[in-house]
Amino acid sequence: MQVQVGNISEQYIGHCLTQTRDVILLHGLFGNLSNWKETQQHLSLTHRVFSPELPLFETTIGGNHLNKLVGFLERYIISNKIENPVLIGNSLGGHVALLYTLKHPDRVSKLVLTGSSGLYENTFGGTFPRVKDYDYIRSKVSEVFDRKEVVDNAMVDYVFDIVKHKLKVLSIIGLARDAQKQNLANHLPHIQIPVLL
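Using our numbering, read the sequence shown as starting at 2 and increasing by one per residue.
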């Protein structure tokens with residue numbers, strides 16, 4: 002079910018059989034809500050599952066792009082009356098989940114990071130991204146996923162469409178630079194809740 006809370010778009014699976022724990026799924030930089038479809042369906046049998054659409058393309062000027070996403074998550078959790086969730090983040094979503102957990106260690110019950118940025122960065126190197134080259138975009142999207150079969154034409158088309166817009170590209174560059182500057186691996190041992198990498 003799609004739910005709108007103010008300007009916040011979310012995917013909420015509401016057929017939970019037990020109210021054991023809230024789970025928030027956070028997508029990555031080129032991800033979207035559909036990346037979590039199977040996970041949502043599975044977890045919703047025993048948990049209340051939330052999947053906010055991160056406002057990745059709303060911040061273009063200035064720094065602190067990641068802190069703005071953490072602020073979004075703070076407002077999202079408050080507006081949905083979510084208490085001590087399990088945060089599950091993929092890629093940039095994992096980075097946001099990690100930053101939120103470090104800022105609010107008493108407000109998260111567990112943390113799951115899948116291919117999280119902020120730990121072991123893989124950058125584009127010294128090359129400028131070729132945003133008009135479809136095959137280049139396909140290769141970069143493929144680098145993100147361990148299972149290459151999930152990278153289909155629809156996913157590549159989605160990313161290719163994003164990189165055609167200058168303001169979206171500026172947002173992406175800002176977020177990617179912020180993520181590359183922050184290595185949070187040395188903070189993991191200080192987190193007192195269960196963490197799964």
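Don't be surprised by glycine CBs; every beta carbon is placed ideally from N, CA and C. Being a predicted model, the structure only gives us computed values, none of them experimental.
* So, is Gly127 buried or exposed, given that buried needs 16 or more other C-beta atoms within 10 angstroms? -> For Gly127, the predicted structure reports a pLDDT of 46, less than 50, and the residue's modelled location is therefore unreliable. A value from the coordinates is still provided. Under this definition Gly127 is an exposed residue.
* Asked: Taking the alpha-carbon positions, what's the Ile83 to Asp134 distance?
  -> 42 Å
* CA-to-CA distance, Leu34 to Gln41, given in whole angstroms -> 10 Å
* Asked: If you compare alpha carbons, which of Leu168, Leu171, Leu57 and Ser143 is closest to Asp158?
  -> Ser143
* Compute the beta-carbon to beta-carbon distance between Gly175 and Leu93, rounded to the nearest angstrom, for a pair I have assumed lies under 8 Å. => Gly175 to Leu93, Cβ: 12 Å. No contact.
* Asked: Three-state secondary structure (DSSP) at Asp23?
  -> strand
* Would you list the one or two residues that DSSP bridges to Thr115? => Asn91
* Specify, as a first and last residue, the run of the alpha helix (DSSP H) that Arg1 falls within. => Nothing can be reported for residue 1: it is not among the residues displayed for the chain, which extend from 2 to 198.
* To do: My understanding is that Asn91 touches Asn154, with C-beta atoms under 8 Å, so please give their C-beta distance in whole angstroms.
  => Incorrect: roughly 21 Å between the Cβ atoms, too far for contact.
* As assigned by DSSP and simplified to three states, the class of Pro195 -> coil
* Which of the three DSSP states, helix, strand or coil, is assigned to Pro86? -> coil
* Simplified DSSP state of Phe51, which is helix, strand or coil -> strand
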